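So the sequence lines, in the order shown, correspond to chains F and W.
Letter by letter, the first sequence follows residues 0 to 251 in numbering that gives the first Met the number 0.
Letter by letter, the second sequence follows residues 0 to 251 in numbering that gives the first Met the number 0.
Note that CB positions come from ideal geometry on N, CA and C, so glycine has one too.
Quick caveat, the model's predicted, so the values are computed rather than measured.
Number of protein chains: 2
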Amino acid sequence: MTRFALTVEFDGTPFFGLQRQKKGPSVQQSIEDAAHAVTGEEVTLHSAGRTDSGVHALAMRCHLDIEKDIEPFRLSQAINAHLRPDPVAITHCEIKPDDWHARFSCIGRSYEYRIRNRRAPLTLEKNRAWHVARPLDADAMHEAAQSLVGQHDFTTFRSAHCQSNDPVKTLDTLNVSREGDLVIIRAAARSFLHHQVRSMVGTLAMVGHGQWPVEQVAKALEARDRAALGLNAPPQGLYFVAARYPDDIQEN
Amino acid sequence: MTRFALTVEFDGTPFFGLQRQKKGPSVQQSIEDAAHAVTGEEVTLHSAGRTDSGVHALAMRCHLDIEKDIEPFRLSQAINAHLRPDPVAITHCEIKPDDWHARFSCIGRSYEYRIRNRRAPLTLEKNRAWHVARPLDADAMHEAAQSLVGQHDFTTFRSAHCQSNDPVKTLDTLNVSREGDLVIIRAAARSFLHHQVRSMVGTLAMVGHGQWPVEQVAKALEARDRAALGLNAPPQGLYFVAARYPDDIQEN
């Protein structure tokens, strides 16, 4: 048995999320089916994070265990061949020790959320960004975001379906910046609650529109109540961009 | 009659090109139909450039003449509403003098060509870039590209269907740069021949692969013969990025 770590890129649009679902196609099922076609083995994919329907990944980190004797590069090429035409690709593959776990060894996760802030509808970025027509004040959003950085009880910013035992998380970074009419929110933490990034982004957008004063974000956090949430941003603007492990030579 | 200048963004994937075609949908037809729905008038769209099936635009410049009394912003919003669900959007609209012509007044056009140079197939960039699996030497491509800059007879890099009277064009810029595994080619000229950018990119890729020495690009140009062409790059990596006019306050 060899443990293979995979770096995976996918367009989340046609999937019901990363995790295997009874109700429809998932990234996990696509990769497990492709790996089965290559090896003849029933494999289980483990991932650094779970992503919702419509959420994308630039470099999700995963692993699977395989009996077949195969080189990592050859395995990734063969899985990629079988993944077609699904919009999922293995961009890197390497062998890891048996105690390396894509989910449990992961010590850092980062996301990017893209908002296209303009009146005109999206064309090339359809399903790739959140289209917000009303002007957003990215500086005010960034200022409000700083009240969420640090260790907090993030109950307000947590899905009703979140399975985490503990709503206390440490948010390392939440930066909002503007490049032309693109507003990008970058979030990093050891781990996130379900819907946390989208909930934070949606609430910051309330500040960006001027509907909420900057201070209201801190008050919503203190409320520890989902009812205090401003808005949950839609999935198509969200990208899982990197996972970090103790044995990484360099950060992704 | 009022002349409205439009800035247009589109995803070229579902279209048979910008120009109206008998064989299938075109960007021109989508916009003309939407403008007709708004004004009740039969309008004709004129564009700075023509683009092939699958080629995209970030900021194509066009114009149309309308009798109806309507504000530019309101016109663009109404056209955008009628364009749905086609991936075409009017990102800017303004009134121009009657002698301003999107095609004939245009004094500069620029394109960008995106190559994703990696082994793994494309996911989020499917239909948005040329996927080249074999390594490309972008520095060698850039060096070879410089032999094409300036005034030349570009017969080698011209489609058999090109309708231009004169194969002599002045290429102002042809820069090749690498950002990670993305190779970007930026081309600017007053005007281009049909297929010129894609022909230049395909030929530079031959140099990038090491199949052609750098000097062979200059020889292909001197041959003035389509048979000397290396390769015509596929349309999905090509973006029309800007058109320039004498009355522009700032360059796009």
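State the DSSP-derived secondary structure class of residue i, mapped to helix, strand or coil.
i	result
W:T122	coil
F:A241	strand
F:H141	helix
F:F153	coil
W:I30	helix
W:V148	coil
W:H45	strand
F:H35	helix
F:Q53	Per the sequence shown, residue 53 of chain F should be read as Gly rather than Gln. Of the three classes helix, strand and coil, the one that applies to F:G53 here is coil, per DSSP.
W:G236	helix
W:S25	coil
F:N231	coil
W:H130	strand
F:R117	coil
F:S109	strand
W:R2	strand
With a cut-off of 8 Å on the beta carbons, I'd call residue i and residue j a contact; round off their distance for me.
i	j	result
W:V196	W:M140	Wrong, their Cβ atoms sit about 14 Å apart, outside the cutoff.
F:H45	F:R102	5 Å
W:I89	W:T38	Actually they do not touch by this definition, with Cβ atoms about 14 Å apart.
F:D64	F:V42	7 Å
F:F337	F:K22	In the structure as shown, chain F begins at 0 and stops at 251. Residue 337 of chain F is therefore absent and cannot be evaluated.
F:S75	F:C92	4 Å
F:W129	F:G207	In fact, because the Cβ distance is near 12 Å, the residues do not count as touching under 8 Å.
F:P96	F:R2	7 Å
W:I78	W:A34	6 Å
W:A47	W:V131	With a Cβ gap of about 29 Å, W:A47 and W:V131 do not count as contacting.
F:M199	F:L181	Incorrect: roughly 18 Å between the Cβ atoms, too far for contact.
F:V216	F:A143	4 Å
Which partner residues does residue i have in the DSSP bridge list?
i	result
F:E8	F:A88
F:M59	F:V7
Taking one C-beta from the region 224 to 238 of chain F and one from the region 163 to 172 of chain F each time, how about it: are there three or more such pairs within less than 8 Å?
no
For the region 20 to 32 of chain W and the region 233 to 249 of chain F, state whether three or more C-beta atom pairs, one from each stretch, are separated by less than 8 Å.
no
When the Cβ atoms of the region 102 to 116 of chain F are set against those of the region 179 to 195 of chain F, are three or more pairs found closer than 8 Å?
-> yes
- Could you give the uninterrupted runs of the alpha helix (DSSP H) lying entirely in the region 62 to 105 of chain W, keeping only those of 4 residues or more? 71 to 82
Under 8 Å, with one C-beta from each stretch per pair, do the region 115 to 127 of chain F and the region 78 to 88 of chain W reach the 3-pair mark? yes
Ranges of the alpha helix (DSSP H) found wholly within the region 165 to 229 of chain F, counting only runs of at least 4: 195 to 207 and 214 to 222
Would the region 210 to 223 of chain F and the region 148 to 157 of chain F be scored as touching if the rule is three or more Cβ pairs under 8 Å?
yes
Can we say the region 142 to 151 of chain W touches the region 69 to 77 of chain W, given the rule of at least three CB pairs closer than 8 Å?
no
- Query: Taking Cβ-Cβ distances below 8 Å as the criterion, which residues of the region 107 to 126 of chain F are in contact with chain A?
  - Reply: Of the protein chains in this structure, namely F and W, none is chain A.
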